[in-house]
Amino acid sequence: MKFEDLNLHPTLLKAVKDQNYTHPTAIQEQAIPILLKKNDVLGSAQTGTGKTAAFALPILHHLINERNNNDGKKRIRTLVVTPTRELAIQIAESFTSYSKYNNITNTVIFGGVKQGAQTTTLSNGVDVLVATPGRLLDLMGQGYISLKDIGYFVLDEADRMLDMGFIHDIKKILDKLPKERQSLFFSATMPKNIVELSSQILKFPKQVSVNPVSSTAETIQQFIYYTNKADKKNLLLHILKDKNISQLLLFSRTKHGADRIARNLKKKNIRASAIHGDKSQNQRQKSLKSFKDSEIRVLVATDIAARGIDIDKLSYVLNYDIPNESETYVHRIGRCGRAGETGVSISICEPEENEYVRDIEKLIKQKIQEVQNHPFPQTEKPMNTQQKKEFEKEKQRRKQEFFNNRNKKRGYKKSNNRNNRR
Numbered sequence: 000m001k002f003e004d005l006n007l008h009p010t011l012l013k014a015v016k017d018q019n020y021t022h023p024t025a026i027q028e029q030a031i032p033i034l035l036k037k038n039d040v041l042g043s044a045q046t047g048t049g050k051t052a053a054f055a056l057p058i059l060h061h062l063i064n065e066r067n068n069n070d071g072k073k074r075i076r077t078l079v080v081t082p083t084r085e086l087a088i089q090i091a092e093s094f095t096s097y098s099k100y101n102n103i104t105n106t107v108i109f110g111g112v113k114q115g116a117q118t119t120t121l122s123n124g125v126d127v128l129v130a131t132p133g134r135l136l137d138l139m140g141q142g143y144i145s146l147k148d149i150g151y152f153v154l155d156e157a158d159r160m161l162d163m164g165f166i167h168d169i170k171k172i173l174d175k176l177p178k179e180r181q182s183l184f185f186s187a188t189m190p191k192n193i194v195e196l197s198s199q200i201l202k203f204p205k206q207v208s209v210n211p212v213s214s215t216a217e218t219i220q221q222f223i224y225y226t227n228k229a230d231k232k233n234l235l236l237h238i239l240k241d242k243n244i245s246q247l248l249l250f251s252r253t254k255h256g257a258d259r260i261a262r263n264l265k266k267k268n269i270r271a272s273a274i275h276g277d278k279s280q281n282q283r284q285k286s287l288k289s290f291k292d293s294e295i296r297v298l299v300a301t302d303i304a305a306r307g308i309d310i311d312k313l314s315y316v317l318n319y320d321i322p323n324e325s326e327t328y329v330h331r332i333g334r335c336g337r338a339g340e341t342g343v344s345i346s347i348c349e350p351e352e353n354e355y356v357r358d359i360e361k362l363i364k365q366k367i368q369e370v371q372n373h374p375f376p377q378t379e380k381p382m383n384t385q386q387k388k389e390f391e392k393e394k395q396r397r398k399q400e401f402f403n404n405r406n407k408k409r410g411y412k413k414s415n416n417r418n419n420r421r
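Heads up: the sequence shown begins at 0 in numbering that gives the first Met the number 0, then just goes up one per residue.
Right, dumping it as structure tokens:
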């Protein structure tokens with residue numbers, strides 16, 4: 000099948016041709032005909048499957064026809080809600096690209112930045128609004144946004160939305176939407192709470208499902224290095240001696256870990272930057288742009304921040320920390336080898352993560368190729384139950400000690416400030 004066979008508006012076909020799209024992906028081929036008939040859709044699809052075009056193109060098709068048949072006034076007719084700023088920006092950019100030859104407008108709103116530019120654009124009128132939940136509710140509360148004209152509603156990355164604690168925000172948004180609308184619900188996984196949420200949003204939905212979460216692209220080679228925790232830093236430097244790795248997306252479990260890895264790499268004159276939830280929007284966008292422009296070699300990201308990172312022809316991803324959720328591994332390595340390109344996934348595993356690797360291999364139904372004969376082999380054994388308890392106890396003690404010391408210092412400063420004011 001070709002895009003011309005999907006009966007999309009001619010301006011959209013011209014725009015996708017500019018994007019070098021010739022044949023629709025599996026989810027596009029399944030979803031677009033259903034959405035053109037204005038059915039609700041429950042979609043199971045990972046990032047990187049062409050999901051944005053699958054919902055954006057038919058929505059734009061409907062909006063173009065509506066514009067031609069009404070008074071031409073701009074109202075917010077489409078709302079796309081997504082969990083992260085990066086993904087929201089990416090979706091808005093896709094809408095802009097597909098609207099190149101028609102007069103459908105969009106804007107994106109998210110927190111972490113001043114609202115002035117966003118509210119100015121909204122006051123001028125837009126057809127499509129892409130938003131993160133917090134800023135959307137904030138601007139609705141201030142009276143800048145009304146959802147009364149919404150005809151098309153998309154909830155994207157629903158599983159991640161719930162992981163990030165947005166369930167109450169989503170329900171508040173749903174209460175403000177018109178009953179008569181076309182709704183689209185996309186999630187990479189379909190646990191019970193996701194299915195229950197979808198039933199509140201959709202009416203007699205058609206289901207589309209591609210690339211189940213247990214599958215990894217055949218174009219991605221997967222390698223794993225077994226090492227000790229203390230050797231991870233040096234092993235990473237050893238891996239980066241490979242000059243073929245000109246661009247690497249590296250995953251860290253924590254924000255502090257991401258910052259630490261980036262600092263260590265910079266000390267070794269390796270251009271690196273970290274991206275996570277504690278960074279400002281400007282910092283995140285600057286790091287992402289620098290990575291896309293090949294100004295930095297390594298982008299260190301947490302899983303939540305990595306949602307929405309879409310880099311053409313990215314060849315290498317590295318798991319510095321093995322995720323304890325097997326599905327997360329599939330999502331991570333799916334950042335490379337996209338759209339039929341080849342990719343390489345590298346994982347560094349310390350003893351306590353060995354069991355996570357076994358779970359991952361069970362999920363993906365294949366053995367990850369072990370790299371042997373490297374300078375930092377795994378010599379230690381995983382902790383037993385008693386050792387784990389003692390380790391956790393010591394970790395909690397150190398954490399409490401840290402907070403106690405910090406509070407003492409803050410109390411001292413506050414006391415001095417009060418004395419100075421007297």
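Every residue, glycine too, gets a C-beta built ideally from N, C-alpha and C.
Just so it is clear, the structure is predicted and the values come from calculations on it, not from any experiment.
Quiz item: When burial is assigned at 16 or more other CB atoms within 10 Å of the CB, is Ser182 buried or exposed?
Solution: buried
Practice problem: Apply the 10 Å Cβ neighbour rule to Glu294 and answer buried if 16 or more other Cβ atoms are within range, or exposed otherwise. | Solution: exposed
Exercise. Since I believe Ser344 is in contact with Ile219 (beta carbons under 8 Å), could you give me their beta-carbon distance rounded to a whole number of angstroms?
Key: The beta-carbon separation of Ile219 and Ser344, rounded to 6 Å, stays under the 8 Å limit for a contact.
Practice problem: Within 10 angstroms of the Cβ of Met160, are there 16 or more other Cβ atoms? Answer buried if so, exposed if not. | Solution: buried
Practice problem: Compute the beta-carbon to beta-carbon distance between Ser279 and Gly142, rounded to the nearest angstrom, for a pair I have assumed lies under 8 Å. | Solution: With 8 Å as the limit, Ser279 and Gly142 do not qualify as a contact, their Cβ atoms being about 26 Å apart.
Practice problem: Look at the alpha carbon of Gln399 and the alpha carbon of Glu369, and state the distance between them as a whole number of angstroms. | Solution: 39 Å
Practice problem: Pick helix, strand or coil for Phe290, following the three-state DSSP scheme. | Solution: helix
Exercise. Indicate whether Pro132 and Val79 have their beta-carbon atoms separated by less than 8 Å.
Key: no
Practice problem: Measure how close the beta-carbons of Met163 and Pro82 come, nearest whole angstrom, since I'm counting them as under 8 Å. | Solution: 5 Å
Quiz item: Grouping DSSP H, G and I as helix and E and B as strand, with all else coil, what is Leu128?
Solution: It is a strand residue.
Quiz item: Which stretch, first to last residue, makes up the beta strand (DSSP E) that contains Ile347?
Solution: Counting along the chain, the beta strand (DSSP E) containing Ile347 begins and ends at Gly342 to Cys348.
Exercise. Count the CB pairs spanning the region 35 to 53 and the region 103 to 122 that are closer than 8 Å, and state whether there are at least three.
Key: no
Exercise. To the nearest angstrom, report how far apart Glu349 and Thr226 are at their CA atoms.
Key: 5 Å
Quiz item: Helix, strand or coil: how does DSSP classify Thr77 here?
Solution: In the three-state scheme derived from DSSP, where H, G and I count as helix and E and B as strand, Thr77 is classed as strand.
Quiz item: How far does the beta strand (DSSP E) with Val153 in it reach, from first residue to last?
Solution: In the DSSP assignment, Val153 falls within the unbroken beta strand (DSSP E) covering Tyr151 to Leu154.
Exercise. Reducing DSSP to helix, strand and coil, say where Asn318 ends up.
Key: DSSP places Asn318 in strand when its eight states are reduced to three.
Practice problem: Could you say which of Asn318, Gln221 and Asp158 lies nearest to Val194 if we only look at CA atoms? | Solution: Asp158
Self-check item: the region 9 to 24 / the region 93 to 100 touching (three or more Cβ pairs under 8 Å)
Solution: By the criterion of at least three beta-carbon pairs nearer than 8 Å, the region 9 to 24 is in contact with the region 93 to 100.
Quiz prompt | Sequence ranges, alpha helix (DSSP H) only - wholly within the region 186 to 268, length at least 4 | solution = 191 to 200, 231 to 238 and 254 to 266
Practice problem: Just grab the DSSP bridge partners of Ala300 for me. | Solution: Phe250 and Ile274
Self-check item: Cutoff 8 Å; reference His60; Cβ partners in own chain excluding five residues on either side
Solution: Leu7, His8, Leu11 and Leu35
Quiz item: Where Lys16 and Ser93 are concerned, what is the direct C-alpha to C-alpha distance, given to the nearest angstrom?
Solution: 14 Å
Quiz prompt | Cutoff 6 Å; reference Leu154; Cβ partners in own chain excluding five residues on either side | solution = Val80 and Phe184
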